[in-house]
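**Student:** Submitted below is the structure of interest, expressed as structure tokens.
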Amino acid sequence: MTVLWSMLASTSLAFALLHLFIWAKGIQPWANLSFATAAIAIAVITGMELMAMRTTSIEQMALILRWAHLPLLVLWLAIICFVRCYFDAGRSWLAWLAVGLRAVALILSFSTGQNLFFDQITGLKQVAVLGSETISIAQGSLNPWYVVGPLSTVVLAAFVLDAAFTLWRGGTDTGRRRAIVFSSSIIFFLLTGTCHSALVNAGVINSPYIVGLSFMPILLAMSYELSFDLLHSAQLSDQLQDSEAELRLSKQRMRVAARSGELRMWEWDIVPDEIWSTDDDPRLYGISEPQKISFEHFLNILYEEDREQVRHSVERSFIKGNGHYESEFRITMPDGQVHWFNSRGRIEFSEDDQPLRMLGVTIDITRRKQAELAVQQQRNELTHLSRVTTLGELSGSLAHELNQPLAAILSNAQAAQRFLAHGNTDLAEIQDILKDIVNEDKRAVEVIQRLRLLLKKGEVQHLPVNLNKIVEEVLKIISSDLVNHNINVNIDLAKKLPAVIGDRVQLQQVLLNLIMNACEAMSHTNADRRRLFVHTEQNGIDKVQVSVGDQGPGIPSESLGNIFEPFFTTKLQGMGLGLPICRTIITAHGGQLWATNNTPRGAVFHFKLPTSPGESA
Numbered sequence: 031m032t033v034l035w036s037m038l039a040s041t042s043l044a045f046a047l048l049h050l051f052i053w054a055k056g057i058q059p060w061a062n063l064s065f066a067t068a069a070i071a072i073a074v075i076t077g078m079e080l081m082a083m084r085t086t087s088i089e090q091m092a093l094i095l096r097w098a099h100l101p102l103l104v105l106w107l108a109i110i111c112f113v114r115c116y117f118d119a120g121r122s123w124l125a126w127l128a129v130g131l132r133a134v135a136l137i138l139s140f141s142t143g144q145n146l147f148f149d150q151i152t153g154l155k156q157v158a159v160l161g162s163e164t165i166s167i168a169q170g171s172l173n174p175w176y177v178v179g180p181l182s183t184v185v186l187a188a189f190v191l192d193a194a195f196t197l198w199r200g201g202t203d204t205g206r207r208r209a210i211v212f213s214s215s216i217i218f219f220l221l222t223g224t225c226h227s228a229l230v231n232a233g234v235i236n237s238p239y240i241v242g243l244s245f246m247p248i249l250l251a252m253s254y255e256l257s258f259d260l261l262h263s264a265q266l267s268d269q270l271q272d273s274e275a276e277l278r279l280s281k282q283r284m285r286v287a288a289r290s291g292e293l294r295m296w297e298w299d300i301v302p303d304e305i306w307s308t309d310d311d312p313r314l315y316g317i318s319e320p321q322k323i324s325f326e327h328f329l330n331i332l333y334e335e336d337r338e339q340v341r342h343s344v345e346r347s348f349i350k351g352n353g354h355y356e357s358e359f360r361i362t363m364p365d366g367q368v369h370w371f372n373s374r375g376r377i378e379f380s381e382d383d384q385p386l387r388m389l390g391v392t393i394d395i396t397r398r399k400q401a402e403l404a405v406q407q408q409r410n411e412l413t414h415l416s417r418v419t420t421l422g423e424l425s426g427s428l429a430h431e432l433n434q435p436l437a438a439i440l441s442n443a444q445a446a447q448r449f450l451a452h453g454n455t456d457l458a459e460i461q462d463i464l465k466d467i468v469n470e471d472k473r474a475v476e477v478i479q480r481l482r483l484l485l486k487k488g489e490v491q492h493l494p495v496n497l498n499k500i501v502e503e504v505l506k507i508i509s510s511d512l513v514n515h516n517i518n519v520n521i522d523l524a525k526k527l528p529a530v531i532g533d534r535v536q537l538q539q540v541l542l543n544l545i546m547n548a549c550e551a552m553s554h555t556n557a558d559r560r561r562l563f564v565h566t567e568q569n570g571i572d573k574v575q576v577s578v579g580d581q582g583p584g585i586p587s588e589s590l591g592n593i594f595e596p597f598f599t600t601k602l603q604g605m606g607l608g609l610p611i612c613r614t615i616i617t618a619h620g621g622q623l624w625a626t627n628n629t630p631r632g633a634v635f636h637f638k639l640p641t642s643p644g645e646s647a
């Protein structure tokens, strides 16, 4: 019995020292301190039980049983603190009631009878246990206040069971496991420790007190939970180290990938207005070494033409529900070369929808832009060549268009010479002649200006244009050709037509090509049936549509899907580039070009373009 109880006390002290060390390290300090205190209390109780078994003096037995209620009070406090600190559960009033009853039991142990157990100990009974070993058991009259001790145990059990119910109701696997372990260990302690002590004091059974032994399951359960957390913390620490290593590796990979893809990752802390970037060359931002810069500093390093559109893109991303930023801009690099960049980001908002920071990435798109510019230049060259070729086909009609005003100028000038030669000059007549010369000269100048615009090879300019006016301008250019081919024109132009964003010359080229194709399609149609239809209308809220129709034979159904393919043609001397170029122009303007067969005969070519907000015809 001495060896066994000494081992129990030593085990409790070992647990106490271990968790005092953990408490000193600051790992769950209050839970570990509570556990260490409970373990020390159990060690003291176990030692007092061993002393009671070995005593031969009634006075010493009474003294031991009196002071035993002090470590019991400490034990109660330790258990309650552990449950409250570790599980954050259990009703406070139950905790205070359990501690209060235990404190009353301690006071009653010193103020009534020889201790709380006995009003008077009349003798010590020697009992043989575990074979031939003999221990002492107190005998005498019981203290009527003894019931306070078991009652405090019942309230403590209610407190722990209430905490266990709270953990179970939490629904987590860990909480339910803890609820089962603690509630079962408390019930074991009640059934064994408290009931057994009552039976021993009543003389029903001959056995030593086993409060320390019966509390071992609770001690082990508390130690298991704390050790489980320590083990889990160690596992988390290992995982954290692995994660940090993986994070460092990921950062290295990301840095290599960013350098390979010419990516720059950045973060803009909006509140203090600081921008951080992974750019290896800080001279790009006008600084000598890597540091955070402001948004205005960033704008100042951009091309002046790009600053406003970048600022507007950022301001749009601040709008609630948007948060997305994207823009393209140019920067002059330290070597003097101009680079194009595409930048994208996402705003993070606070709970009250205030922008906090923007995270994004910037990629160098200089090579792509150079390729696009080269393709655009080649496309412009081809478009210009097609335009010149078309005007070459109209050379006879254009010569006739110029010949008329020139002939009128000549005849009026000759008439003026004759009037002046006769001597009797009529000034009013001369003024009318000069007025006709000026008018015919202006007419010739308009024809030449229209030709110069179409023949000019310049940069594409996307500006608000009026499609109705473009239709009228093209019909003036081709009017002589229409008359020569006996083609009647039906014009139906919508009123208050919204303007579109586009290049005037290129859109004139598209209309000119479609009208000439319609005229050629009607070359074998009877003269009285040759009709050209030009129609404009608003298509939906933000589109304008133009239709050019003829009364020719129409487009064969097997060719309808191929007419916009390069080098596909139904003409004997055609190159098959006119319609593909027209579609390329319309597509570059953000529109669509398509063809349908007319009813009952002929074909119609349609194209629609997006409107320009705030502009109308």
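Residue numbering for the sequence shown follows the working numbering, starting at 31 and increasing by one per position. Don't be surprised by glycine CBs; every beta carbon is placed ideally from N, CA and C.
With a 10 Å radius around its C-beta and 16 neighbouring C-beta atoms as the bar for buried, classify L34 as buried or exposed.
**Tutor:** Indexing the sequence shown from 1 puts residue 34 at position 4. Result: exposed.
**Student:** Assuming contact is defined by CB atoms lying nearer than 7 Å, are L146 and G179 in contact in what I supplied?
**Tutor:** Position 116 of the sequence shown, counted from the first residue, corresponds to residue 146. Position 149 of the sequence shown, counted from the first residue, corresponds to residue 179. Cβ atoms of L146 and G179: closer than 7 Å.
**Student:** First and last residue of the beta strand (DSSP E) that includes W296?
**Tutor:** Position 266 of the sequence shown holds residue 296. Element bounds for W296: 293 to 299.
**Student:** Using a Cβ-Cβ cut-off of 7 Å (strictly less than) and excluding sequence neighbours within five positions of R337, which residues of its own chain qualify?
**Tutor:** Taking the sequence shown and counting its residues from 1, one reaches residue 337 at position 307. The answer, listed in chain order, is L329.
**Student:** Short of 6 Å in beta carbon distance, which residues of its chain neighbour S36, apart from the five on each side in sequence? Order them along the chain.
**Tutor:** Taking the sequence shown and counting its residues from 1, the one referred to as residue 36 is at position 6. Once the five neighbours on either side are set aside, S36 has no close Cβ partner at all.
**Student:** Express the C-alpha separation of G582 and G632 in angstroms, rounding to a whole number.
**Tutor:** In the sequence shown, residue 632 corresponds to position 602, counting from 1. In the sequence shown, residue 582 corresponds to position 552, counting from 1. Approximately 4 Å, taken between the alpha carbons.
**Student:** Per the DSSP calculation, K638 is bridged to which residue(s)?
**Tutor:** Position 608 of the sequence shown, counting from 1, holds the residue named residue 638. K638 pairs with Q575, Q622.
**Student:** Enumerate, from N- to C-terminal direction, the unbroken beta strand (DSSP E) stretches of 3 or more residues contained entirely within the region 95 to 167.
**Tutor:** Counting only runs of 3 or more, we get 148 to 159.
**Student:** Quick one: what's got a C-beta closer than 6 Å to A209's C-beta in the same chain, skipping five residues either side?
**Tutor:** On the sequence shown, residue 209 is found 179 positions in, with the first residue counted as 1. So the list reads A194, L197, W198, once near-sequence residues are dropped.
**Student:** Just list the residues that DSSP pairs G532 with in beta bridges.
**Tutor:** As a working mapping, residue 532 is identified with position 502 in the sequence shown. Looking at the DSSP assignment, G532 forms a beta bridge with L493.
**Student:** What does the alpha-carbon distance come out to for the pair G390 and M546?
**Tutor:** For the purposes of this step, residue 390 is taken as the residue at position 360 of the sequence shown. For the purposes of this step, residue 546 is taken as the residue at position 516 of the sequence shown. Rounded to whole angstroms, G390 to M546 spans 51 Å at the Cα level.
**Student:** Tell me which same chain residues have a C-beta within less than 6 Å of the C-beta of L602, skipping the five on either side of it?
**Tutor:** Locating residue 602 in the sequence shown gives position 572, counting from the first residue. Note on L602: pLDDT 48, under 50, position unreliable in the model; no value is reported.
**Student:** Can you check whether the CB of V535 is closer than 7 Å to the CB of T641?
**Tutor:** For the purposes of this step, residue 641 is identified with residue 611 of the sequence shown, where counting begins at 1. For the purposes of this step, residue 535 is identified with residue 505 of the sequence shown, where counting begins at 1. For T641 and V535, no; Cβs fall outside 7 Å.
**Student:** Below 8 Å, can you find three or more Cβ-Cβ pairs linking the region 155 to 169 to the region 99 to 106?
**Tutor:** no
**Student:** Give the secondary structure of D462 by DSSP, where H, G and I count as helix, E and B as strand, and everything else as coil.
**Tutor:** Within the sequence shown, numbered from 1, the residue matching residue 462 stands at position 432. Reduced to three states, the DSSP call for D462 is helix.
**Student:** Leaving out the 5 sequence neighbours to the left and right, which residues in its chain are closer than 6 Å to Y116 when beta-carbon positions are compared?
**Tutor:** Sequence index remark: in the sequence shown, residue 116 carries index 86 (1-based). The residues are A61.
**Student:** L403 and V530 look like a contact to me (Cβ under 8 Å); what is the Cβ gap, rounded to whole Å?
**Tutor:** Residue mapping note: residue 403 aligns to position 373 of the sequence shown, counting from 1. Residue mapping note: residue 530 aligns to position 500 of the sequence shown, counting from 1. That belief does not hold up - the Cβ atoms of L403 and V530 are roughly 24 Å apart, past 8 Å.
**Student:** Sorry if obvious, but does the Cβ on T32 come closer than 6 Å to a heavy atom of the ligand NAD?
**Tutor:** The ligand NAD is not among the ligands present in this structure, which contains no ligands whatsoever.
**Student:** For a minimum of 4 consecutive residues, which ranges assigned as the alpha helix (DSSP H) are wholly contained in the region 57 to 95?
**Tutor:** 59 to 84
**Student:** How many angstroms separate the CA atom of L279 from the CA atom of S273?
**Tutor:** Reading the sequence shown from its first residue, position 249 is the one you call residue 279. Reading the sequence shown from its first residue, position 243 is the one you call residue 273. Whole-angstrom Cα-Cα distance: 10 Å.
**Student:** In the DSSP assignment, what are the bridge partners of L329?
**Tutor:** Taking the sequence shown and counting its residues from 1, the one referred to as residue 329 is at position 299. Partner(s): none; L329 has no beta bridge.
**Student:** Got a sec? Which residues, its chain only, sit under 7 Å from F594 by beta carbon, not counting five neighbours each side?
**Tutor:** Counting from 1 along the sequence shown, the entry for residue 594 is found at position 564. Closer than 7 Å at the Cβ level, and outside the excluded window around F594, lie L609, P610, R613.
**Student:** Whole-angstrom Cβ separation of Q538 and E567, contact assumed at under 8 Å?
**Tutor:** Numbered from its first residue, the sequence shown carries residue 538 at position 508. Numbered from its first residue, the sequence shown carries residue 567 at position 537. Contact flag wrong, Cβ pair sits at about 19 Å.
**Student:** W175 to G233, Cα distance in whole Å?
**Tutor:** To locate residue 175, count along the sequence shown from 1; it is residue 145. To locate residue 233, count along the sequence shown from 1; it is residue 203. Cα-Cα distance, rounded: 18 Å.
**Student:** Are D511 and M552 close, meaning C-beta to C-beta below 7 Å?
**Tutor:** Looking up residue 511 in the sequence shown gives position 481. Looking up residue 552 in the sequence shown gives position 522. In this structure, M552 does not lie closer than 7 Å to D511 by Cβ.
**Student:** Which whole-angstrom value is the C-beta distance of S64 and A108, which I expect to be below 8 Å?
**Tutor:** The residue labelled residue 64 in the question sits at position 34 within the sequence shown. The residue labelled residue 108 in the question sits at position 78 within the sequence shown. The Cβ separation is near 5 Å, so the contact holds.
**Student:** Considering Cα atoms alone, identify which of N173, F140, A524, N496 is closest to D659.
**Tutor:** This structure does not reach residue 659, given that the chain is present from 31 up to 647, and the question cannot be answered.
**Student:** I believe G130 touches F189 by the beta-carbon criterion, under 8 Å. Please report the beta-carbon distance rounded to the nearest angstrom.
**Tutor:** Counting from 1 along the sequence shown, the entry for residue 130 is found at position 100. Counting from 1 along the sequence shown, the entry for residue 189 is found at position 159. Going by Cβ atoms, the distance from G130 to F189 rounds to 12 Å, so no, they are not a contact pair.
**Student:** What are the start and end residues of the alpha helix (DSSP H) that includes T555?
**Tutor:** On the sequence shown, residue 555 is found 525 positions in, with the first residue counted as 1. Careful: T555 lies outside any alpha helix (DSSP H) and carries neither H nor E.
**Student:** Would the beta-carbon of A10 fall within 7 Å of that of N516?
**Tutor:** Shown here, the chain extends from 31 to 647; a query on residue 10 therefore has no answer.
**Student:** Determine the DSSP secondary structure at A524, reduced to helix, strand or coil.
**Tutor:** As a first step, residue 524 is located in the sequence shown; it is residue number 494 there, counting from the start. Assignment of A524 by DSSP, reduced to helix, strand and coil, places it in the coil class.
**Student:** Return the CA-CA distance between T67 and A46, expressed in angstroms with no decimal places.
**Tutor:** Position 37 of the sequence shown, counted from the start, is the residue given in the question as residue 67. Position 16 of the sequence shown, counted from the start, is the residue given in the question as residue 46. Approximately 7 Å between the Cα atoms of the pair.
**Student:** Could you give the uninterrupted runs of the alpha helix (DSSP H) lying entirely in the region 163 to 251, keeping only those of 4 residues or more?
**Tutor:** 178 to 200, 203 to 219, 225 to 231, 241 to 244
**Student:** Do N498 and L523 count as a contact pair if the criterion is CB distance below 7 Å?
**Tutor:** Counting from 1 along the sequence shown, the entry for residue 523 is found at position 493. Counting from 1 along the sequence shown, the entry for residue 498 is found at position 468. For L523 and N498, yes; Cβs fall inside 7 Å.
**Student:** In the DSSP assignment, the beta strand (DSSP E) including F51 goes from what residue to what residue?
**Tutor:** Along the sequence shown, read from residue 1 onward, the residue named residue 51 stands at position 21. Here F51 belongs to no beta strand (DSSP E); instead the alpha helix (DSSP H) covers 32 to 54.
**Student:** Could you check what DSSP says for N518 in three-state terms: helix, strand or coil?
**Tutor:** Here the question's residue 518 lines up with position 488 in the sequence shown. Here N518 sits in strand by DSSP.
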